[in-house]
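Q: In this note's numbering, the protein residues as written are 2 to 329.
From the three backbone atoms N, C-alpha and C, an ideal C-beta is built for every residue, glycine too.
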Ligand SMILES: Nc1ncnc2c1ncn2[C@@H]1O[C@H](COP(=O)(O)OP(=O)(O)O)[C@@H](O)[C@H]1O
Ligand SMILES: [Mg+2]
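#1: Within the chosen definition, does the region 228-245 reach the region 49-65 through at least 3 CB pairs nearer than 8 Å?
#2: Find out if the Cβ-Cβ distance for the pair residue 140, residue 253 is shorter than 7 Å.
#3: Which same chain residues end up closer than 8 Å to residue 245 when comparing Cβ atoms and leaving out the 5 residues on each side of it in sequence?
#4: Measuring only the C-alpha atoms, how far is residue 181 from residue 97?
#5: With three or more C-beta pairs closer than 8 Å as the rule, is the region 140-156 touching the region 30-49?
#6: Quick check for students: name the residue ranges of the beta strand (DSSP E) that lie wholly in the region 121-206, counting only runs of 3 or more.
#7: From residue 23 to residue 300, what distance separates their C-alpha atoms?
#8: For the candidate residues 87, 21, 243 and 126, whose alpha-carbon lies nearest to that of residue 175?
#9: For the region 212-221 against the region 179-193, do three or more pairs of beta-carbon atoms, one drawn from each stretch, fall closer than 8 Å, so that the two count as touching?
#10: Check each candidate in 209, 197 and 211 and name the one with the smallest Cα separation from residue 222.
#11: Which of the three DSSP states is assigned to residue 259 in this structure?
#12: Just how far apart, CA to CA, sit residue 324 and residue 45?
#13: Based on Cα-Cα distance, which residue from 163, 148 and 255 lies nearest to residue 205?
#14: What does a CB cutoff of less than 8 Å around residue 95 pick up in its chain, not counting 5 residues either side in sequence?
#15: Can you give the beta carbon distance from residue 112 to residue 158, rounded, assuming they're within the 8 Å contact cut?
#16: How many whole angstroms separate the CB atoms of residue 213 and residue 49, which I take to be in contact at a CB cut-off of 8 Å?
#17: Please state the DSSP three-state secondary structure of residue 116.
#18: For residue 19, count neighbouring C-beta atoms within 10 Å of its own C-beta (all shown protein chains included) and say buried if the count is 16 or more, exposed if not.
#19: Per DSSP, residue 38 is paired with what?
#20: Mapping DSSP to helix, strand and coil, what is residue 46?
#21: Excluding five sequence neighbours on each side, which residues of the same chain lie with their C-beta closer than 7 Å to the C-beta of residue 195?
#22: Roughly how many angstroms separate the alpha carbons of residue 4 and residue 70, rounded to a whole number?
#23: With which residues is residue 217 paired in a DSSP beta bridge?
#24: Measure the CB-CB distance between residue 121 and residue 66 and report whether it falls below 7 Å.
#25: Is it right to say residue 35 is buried, meaning 16 or more other beta carbons lie within 10 angstroms of its own, or is it exposed?
#26: On the DSSP letters alone, give me the boundaries of the alpha helix (DSSP H) that residue 291 sits inside.
#27: Whose CA, out of 75, 17 and 80, lies closest to the CA of residue 11?
#28: What's the C-alpha gap between residue 124 and residue 89?
#29: Helix, strand or coil for residue 73? Go by DSSP, reduced to three states.
#30: For residue 284, does the count of other Cβ atoms within 10 angstroms reach 16, so buried, or fall short, so exposed?
#31: For residue 170, which residues from the same chain have a beta carbon less than 7 Å from its beta carbon, with the 5 sequence-adjacent residues on both sides left out?
Laid out in structure tokens, this is it:
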């Protein structure tokens, strides 16, 4: 298959859902349904960085797991590079495994505590048939990409700092020469000074290798720093999706407005004209309200919002907000 040109869609989903059924009681057959991902439509293009932001429990990791083929969707499908992830043949699965890499939040959880950095980086290579010598050579190459000295290849995770562990996890993700990286809270477990280093490293790698990134985080500052386009998720649904600059400058969904208003303001002059913060609890996926799931917390909610689910309405060709009454 020919390599796709820059800009064409590489990850596509339309109305994608992932629901979990839980027994609410050992002795009853009643099932609780958790709509962790509920009718999400999103396209990610080759070479861009899309940020996915949402409060904890909003379904971000579940969405990543569906894209990675680690769990099947309940409704609709995800296409990665034209392949239906859930129905991929063994050959296509192998190709996706090479092309789509992942880095999770927890640096120590990302790496096997009983394996040296070299062992961790070699593992995916060996699984894909590389000889021991070739795998070692590639490990040295990726250490260069993450700007770490070769001598760390012989360290175990407990001998490395959090930031170093995360670099090794990134090196391992790069080993198979992926085209797409899914980064799930890649810096959330790190000290703030190290966070910036890791984000800069990820940006340099993305540019040097023309990768496509999906960066998942609960931290709007990370999104602001790295992403070209951003998606805002609330209780399993996308509330807003569009160019990062545009959304940060002029958020149209009341939830995005609430999230931005909740960012701490450092400048005392700015603080004087602070917007009111979001009210109410983050809400629960188990007891989703009728209509728009954000309506109980929304200052703009009207009757229609309590009855009907808003569609993904176009604000402009590349900007949508799932709201009946988006802000001007
Ligand atoms: N395997 C599972 N079984 C049941 N519920 C799950 C499972 N995985 C995730 N969930 C639930 O789905 C919701 C979304 O979780 P998650 O995707 O981890 O959110 P986030 O990454 O945004 O914090 C949570 O309520 C979580 O408890
Ligand atoms: Mg998560």
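A: Taking the structure as given:
#1: yes
#2: no
#3: 52, 224, 225, 228, 229, 230 and 231
#4: 9 Å
#5: no
#6: 181-185
#7: 33 Å
#8: 126
#9: yes
#10: 197
#11: helix
#12: 22 Å
#13: 148
#14: 129
#15: 5 Å
#16: 6 Å
#17: coil
#18: buried
#19: 19
#20: strand
#21: 163 and 164
#22: Summary for residue 4: the model assigns pLDDT 45, below 50, so the residue's position carries little reliability, and this model does not support an answer.
#23: 53 and 185
#24: no
#25: buried
#26: First-last for residue 291: undefined, no H or E at that position.
#27: 80
#28: 23 Å
#29: coil
#30: buried
#31: 104, 108, 111 and 112
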